[in-house]
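Structure first, commentary second.
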Amino acid sequence: MRSLSTSCDSFTSSVDFSILSTRSSTTNNISFKMPSFLAQFLSATSFDISVVLSLNFLSGRIPTPPPSLLWYFASRNKLVGDIPSSICNSSSLKVLSLWNNSFNGTLPECIGNLSSSLSHIDLWNNNFHGKIPESFAKYCTLQSFRINNNQIGGSLPRSLGNCKDLNLLDVGNNKLNDTFPNWLGNLDHLQVLVLRSNKFFGQMDNSDVTVSFSRLRIIDLSRNNFSGYLPTNFFKNLHSVRKGHKNKLEPEYMEDVSDYIAFNYAYGLSFTVKGSKTEFQSLLTKWMVIDFSDNQFFGELPKTLGELHSLIIVNLSHNCLTGPIPSSLGDLSELESLDLSSNKFQGRIPTELTNLGFLEVLNLSQNNLEGPIPQGKQFDTFTNDSYKENLGLCGLPLSKRCDNDRGTLVKFDRDDDELNWKFSILMGYGCGLVLGLSMGYIVFTTGKPWWLIRIVERVQQRFTKR
Numbered sequence: 149m150r151s152l153s154t155s156c157d158s159f160t161s162s163v164d165f166s167i168l169s170t171r172s173s174t175t176n177n178i179s180f181k182m183p184s185f186l187a188q189f190l191s192a193t194s195f196d197i198s199v200v201l202s203l204n205f206l207s208g209r210i211p212t213p214p215p216s217l218l219w220y221f222a223s224r225n226k227l228v229g230d231i232p233s234s235i236c237n238s239s240s241l242k243v244l245s246l247w248n249n250s251f252n253g254t255l256p257e258c259i260g261n262l263s264s265s266l267s268h269i270d271l272w273n274n275n276f277h278g279k280i281p282e283s284f285a286k287y288c289t290l291q292s293f294r295i296n297n298n299q300i301g302g303s304l305p306r307s308l309g310n311c312k313d314l315n316l317l318d319v320g321n322n323k324l325n326d327t328f329p330n331w332l333g334n335l336d337h338l339q340v341l342v343l344r345s346n347k348f349f350g351q352m353d354n355s356d357v358t359v360s361f362s363r364l365r366i367i368d369l370s371r372n373n374f375s376g377y378l379p380t381n382f383f384k385n386l387h388s389v390r391k392g393h394k395n396k397l398e399p400e401y402m403e404d405v406s407d408y409i410a411f412n413y414a415y416g417l418s419f420t421v422k423g424s425k426t427e428f429q430s431l432l433t434k435w436m437v438i439d440f441s442d443n444q445f446f447g448e449l450p451k452t453l454g455e456l457h458s459l460i461i462v463n464l465s466h467n468c469l470t471g472p473i474p475s476s477l478g479d480l481s482e483l484e485s486l487d488l489s490s491n492k493f494q495g496r497i498p499t500e501l502t503n504l505g506f507l508e509v510l511n512l513s514q515n516n517l518e519g520p521i522p523q524g525k526q527f528d529t530f531t532n533d534s535y536k537e538n539l540g541l542c543g544l545p546l547s548k549r550c551d552n553d554r555g556t557l558v559k560f561d562r563d564d565d566e567l568n569w570k571f572s573i574l575m576g577y578g579c580g581l582v583l584g585l586s587m588g589y590i591v592f593t594t595g596k597p598w599w600l601i602r603i604v605e606r607v608q609q610r611f612t613k614r
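Under our numbering, residues 149 to 614 are what the sequence shown spells out, in order.
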């Protein structure tokens with residue numbers, strides 16, 4: 149491999165630059181300030197290379213990549229402008245990782261054509277605008293596509309359905325305006341789908357559309373305009389969440405271990421976990437998440453939700469959900485966080501929820517729940533914040549005692565005693581009335597009762613003697 153040398157007097161940006169040749173086992177790691185001839189050198193190379201410019205605080209425009217480029221890492225810099233159109237000549241490109249820069253242009257249309265060689269596209273945390281390219285290749289090989297935290301508008305291109313190997317799709321925090329992409333259900337490898345904070349709208353449960361999503365285990369639809377009933381059929385098809393993750397001796401992470409290295413393509417993925425936004429350095433394959441918060445879903449919770457036994461996080465807060473909390477949620481044995489706040493749930497908190505031995509966060513605030521709060525196990529660890537603004541709830545940890553319930557029981561006992569007392573009196577009056585009527589009947593039917601007359605005469609004689 150050719151060695152590089154340069155003077156460091158006339159340059160302003162420092163960079164750790166690596167050129168890795170797949171035809172050689174050697175690696176040159178050369179620290180220097182970015183020279184102007186570097187792009188010319190890369191453009192002229194004929195061997196397959198990978199370029200790593202990450203985490204160097206580079207500014208300006210991105211260097212023109214060589215046609216033989218395999219991996220291009222330039223993340224965590226201060227690069228601006230467009231992705232150069234010359235990248236369309238990199239027909240062997242497998243990874244394009246430009247996340248966390250200040251790019252402010254549009255996405256090259258040719259990226260869709262390059263998807264026949266690309267495995268991973270990481271363009272998140274930039275200022276890209278415009279639309280997602282429409283023409284993803286017929287034999288698309290993408291495994292991950294992440295353009296979250298940009299200014300991308302329009303709709304999801306249907307050609308993404310050509311990417312049969314897609315594991316992760318994150319388009320969150322953009323300006324996409326579309327209906328729910330049921331057509332993605334045909335992607336048998338899709339595990340993570342993030343549509344958070346866009347302008348998606350409409351109903352999810354469309355009976356005219358056949359959906360699968362059999363391997364999906366993380367879905368984040370929060371902060372959109374979805375409406376209608378919660379998608380019962382969608383929940384039924386989440387077979388990976390239903391069956392759960394097999395316990396293995398060593399943890400498994402979402403990564404691509406091809407091409408001699410392990411590429412962690414889930415790095416920096418973020419979710420609202422246990423009430424706060426959490427960014428993951430790596431993502432275990434056992435994570436199971438449903439986040440439908442901040443939408444306009446209405447109706448009751450489907451009981452089938454309780455059949456997704458491997459769920460770890462459920463967030464359905466800030467919707468218009470009604471009815472009781474189904475007791476089947478007590479079957480979510482792996483659940484660590486449950487947020488049903490800011491809805492219109494009614495009735496009592498199911499005692500079956502005390503079976504959730506891993507539950508660390510519970511938020512049922514701002515509903516219409518009533519009755520005593522279940523006690524024991526994890527419920528003994530929750531504070532008032534879990535139940536606030538439910539005027540009918542009582543019992544610990546709230547200061548409001550369940551006097552109404554006990555009062556009802558006491559009142560019921562007093563009413564019962566009073567009823568027995570009145571019944572006894574009525575029985576006495578009744579018996580006396582029957583006896584009196586019977587005596588009167590005998591008197592008037594048999595004539596004078598001589599034994600009674602004699603008793604009366606004797607009483608009169610005693611009073612006259614006195």
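Cβ coordinates follow ideal geometry from the N, Cα and C atoms, glycine included.
Considering only their Cβ atoms, is the gap separating Thr-289 from Leu-317 smaller than 9 Å? One-based indexing of the sequence shown puts residue 317 at position 169. One-based indexing of the sequence shown puts residue 289 at position 141. Taking 9 Å as the Cβ cut-off, Leu-317 and Thr-289 do not qualify as a contacting pair.
Quick check on the DSSP output: what are the complete beta strand (DSSP E) runs of length 3 or more inside the stretch 386-443, in order along the chain? The stretch 386-443 contains these whole beta strand (DSSP E) runs: 418-421, 424-427 and 437-439.
Could you tell me how far apart the beta carbons of Leu-456 and Arg-390 are, in whole angstroms, since I believe they sit closer than 8 Å? Along the sequence shown, one-based indexing puts residue 456 at 308. Along the sequence shown, one-based indexing puts residue 390 at 242. 6 Å between Cβ atoms; contact.
Tell me which residue opens and which closes the beta strand (DSSP E) that Thr-470 is part of. Taking the sequence shown and counting its residues from 1, one reaches residue 470 at position 322. Here the beta strand (DSSP E) through Thr-470 covers 468-471.
Does DSSP classify Leu-332 as helix, strand or coil? Along the sequence shown, read from residue 1 onward, the residue named residue 332 stands at position 184. Under the three-state reduction of DSSP output, Leu-332 falls in the helix class.
Which one or two residues does DSSP pair with Gln-299 in a beta bridge? On the sequence shown, position 151 is the one that residue 299 refers to. Answer is His-277.
Local conformation of Gly-253 per DSSP, three classes: In the sequence shown, residue 253 corresponds to position 105, counting from 1. DSSP places Gly-253 outside both helix and strand once states are collapsed to three, so it counts as coil.
Where do the ends of the beta strand (DSSP E) carrying Ile-259 lie? For the purposes of this step, residue 259 is taken as residue 111 along the sequence shown, with counting starting at 1. From DSSP, Ile-259 is part of no beta strand (DSSP E) but of the alpha helix (DSSP H) over 258-262.
Span of the beta strand (DSSP E) holding Asn-322? For the purposes of this step, residue 322 is taken as the residue at position 174 of the sequence shown. If you look at Asn-322, you'll find it isn't in any beta strand (DSSP E); DSSP assigns it neither H nor E.
To the nearest angstrom, how far is it from the Cα of Asn-463 to the Cα of Leu-217? Here residue 463 refers to the residue found at position 315 of the sequence shown. Here residue 217 refers to the residue found at position 69 of the sequence shown. One alpha carbon belongs to Asn-463, the other to Leu-217, and they sit about 42 Å apart.
Unbroken alpha helix (DSSP H) run spanning Lys-384, endpoints: To locate residue 384, count along the sequence shown from 1; it is residue 236. Residue range 380-384 is occupied by the alpha helix (DSSP H) that includes Lys-384.
Are the stretch 417-426 and the stretch 488-502 touching, with three or more C-beta to C-beta distances below 8 Å? They do not touch, by the three-pair rule.
Excluding the 5 residues preceding and the 5 following Leu-324 in the sequence, name in chain order all residues of the same chain whose CB lies nearer than 7 Å to its CB. Here residue 324 refers to the residue found at position 176 when the sequence shown is read from its first residue. If we look at Leu-324 and ignore the five residues flanking it on each side, its Cβ neighbours are Ile-300, Gly-301, Gly-302, Ser-303, Leu-304, Asn-346, Lys-347 and Phe-348.
Given this structure, state the Cα-to-Cα distance separating Arg-294 from Val-340, to the nearest angstrom. The sequence position of residue 294 within the sequence shown is 146, counting from 1. The sequence position of residue 340 within the sequence shown is 192, counting from 1. Cα atoms of Arg-294 and Val-340: separation of roughly 11 Å, rounded to the nearest angstrom.
According to DSSP, is Leu-501 helix, strand or coil? One-based indexing of the sequence shown puts residue 501 at position 353. DSSP places Leu-501 within a helical segment (H, G or I) once states are collapsed to three.
Where DSSP assigns a beta bridge to Arg-209, which residues make up the other side? For the purposes of this step, residue 209 is taken as residue 61 along the sequence shown, with counting starting at 1. DSSP, once it has assigned bridges, lists Val-228 as partnering Arg-209.
Check the DSSP bridge columns for Asn-463 and list the partner residues they point to. The count along the sequence shown starts at 1 and reaches residue 463 at position 315. Bridge partners of Asn-463: Asp-439 and Asp-487.
Pick from Leu-386, Asp-368 and Pro-399: whose alpha carbon is nearest that of Leu-431? The residue given as residue 431 occupies position 283 in the sequence shown. Comparing Cα positions, the closest option is Pro-399.
To the nearest angstrom, report how far apart Leu-501 and Ser-475 are at their CA atoms. Position 353 of the sequence shown, counting from 1, holds the residue named residue 501. Position 327 of the sequence shown, counting from 1, holds the residue named residue 475. Whole-angstrom Cα-Cα distance: 7 Å.
With 16 other Cβ atoms within 10 Å as the buried cut-off, status of Cys-468: Working through the sequence shown from its first residue, we reach residue 468 at position 320. It counts as exposed.
When the Cβ atoms of the stretch 237-253 are set against those of the stretch 272-287, are three or more pairs found closer than 8 Å? Between the stretch 237-253 and the stretch 272-287 there are three or more inter-stretch CB-CB distances shorter than 8 Å, so the stretches are counted as touching.
Assigned secondary structure, Leu-456 (DSSP; H/G/I helix, E/B strand, else coil): If you number the sequence shown from 1, residue 456 lands on position 308. Residue state, collapsed to three classes: coil.
Where does Cys-550 fall in DSSP's three states? Indexing the sequence shown from 1 puts residue 550 at position 402. Three-state result, Cys-550: coil.
Assuming Asn-296 contacts Val-319 (C-beta within less than 8 Å), just tell me the rounded distance between them. What you label residue 296 is simply residue 148 of the sequence shown in a count that begins at 1. What you label residue 319 is simply residue 171 of the sequence shown in a count that begins at 1. That pair is a contact at about 6 Å.
Just the C-alpha distance for Arg-363 and His-337, rounded to the nearest angstrom, thanks. Numbered from 1 along the sequence shown, position 215 holds the residue referred to as residue 363. Numbered from 1 along the sequence shown, position 189 holds the residue referred to as residue 337. Taking the straight line joining both Cα atoms gives about 6 Å.
For Cys-311 and Phe-284, believed in contact at Cβ under 8 Å, the rounded distance: Walking along the sequence shown from the start, residue 284 turns up at place 136. Walking along the sequence shown from the start, residue 311 turns up at place 163. The beta-carbon separation of Phe-284 and Cys-311, rounded to 6 Å, stays under the 8 Å limit for a contact.
Bridge partners of Gln-351, per DSSP? Walking along the sequence shown from the start, residue 351 turns up at place 203. Looking at the DSSP output, Gln-351 shares a beta bridge with Ser-375.
Check whether the Cβ atoms of Gln-444 and Gly-471 sit closer than 9 Å, and answer yes or no. To locate residue 444, count along the sequence shown from 1; it is residue 296. To locate residue 471, count along the sequence shown from 1; it is residue 323. Result no, Cβ atoms of Gln-444 and Gly-471 do not sit closer than 9 Å.
May I have the straight-line CA-CA distance separating Trp-435 from Ser-481, to the nearest angstrom? Taking the sequence shown and counting its residues from 1, the one referred to as residue 435 is at position 287. Taking the sequence shown and counting its residues from 1, the one referred to as residue 481 is at position 333. For Trp-435 and Ser-481, the gap between their C-alpha atoms comes out near 14 Å.
Inter-residue spacing [alpha-carbon to alpha-carbon] between Cys-236 and Leu-262: Counting from one through the sequence shown, the residue named residue 236 turns up at place 88. Counting from one through the sequence shown, the residue named residue 262 turns up at place 114. Cα to Cα, the separation comes out at about 7 Å.
Just the C-alpha distance for Asn-322 and Gln-523, rounded to the nearest angstrom, thanks. Start at 1 with the first residue of the sequence shown, and residue 322 comes out as number 174. Start at 1 with the first residue of the sequence shown, and residue 523 comes out as number 375. Annotation: Asn-322 to Gln-523 spans about 43 Å, alpha carbon to alpha carbon.
In the DSSP assignment, find the beta strand (DSSP E) that holds Gln-339 and state where it starts and stops. As a working mapping, residue 339 is identified with position 191 in the sequence shown. Run containing Gln-339: none; DSSP gives neither H nor E here.
Counting along the chain, where does the beta strand (DSSP E) carrying Gly-495 start and finish? Locating residue 495 in the sequence shown gives position 347, where the first residue counts as 1. Looking at the DSSP string, the run of the beta strand (DSSP E) that includes Gly-495 is 492-495.
Contact check, Leu-206 vs Lys-226 under 8 Å by CB: the rounded distance? Position 58 of the sequence shown, counted from the first residue, corresponds to residue 206. Position 78 of the sequence shown, counted from the first residue, corresponds to residue 226. About 6 Å separates the two Cβ atoms, so the contact holds.
Helix, strand or coil, according to DSSP, for Ser-265 in the structure here? In the sequence shown, counting from the first residue as 1, residue 265 sits at position 117. Ser-265: coil per DSSP, three-state reduction.
Do Ile-438 and Ile-367 have their C-beta atoms within less than 9 Å of each other? Your numbering for residue 438 matches position 290 in the sequence shown. Your numbering for residue 367 matches position 219 in the sequence shown. Their beta carbons are under 9 Å apart, which means Ile-438 touches Ile-367 by this criterion.
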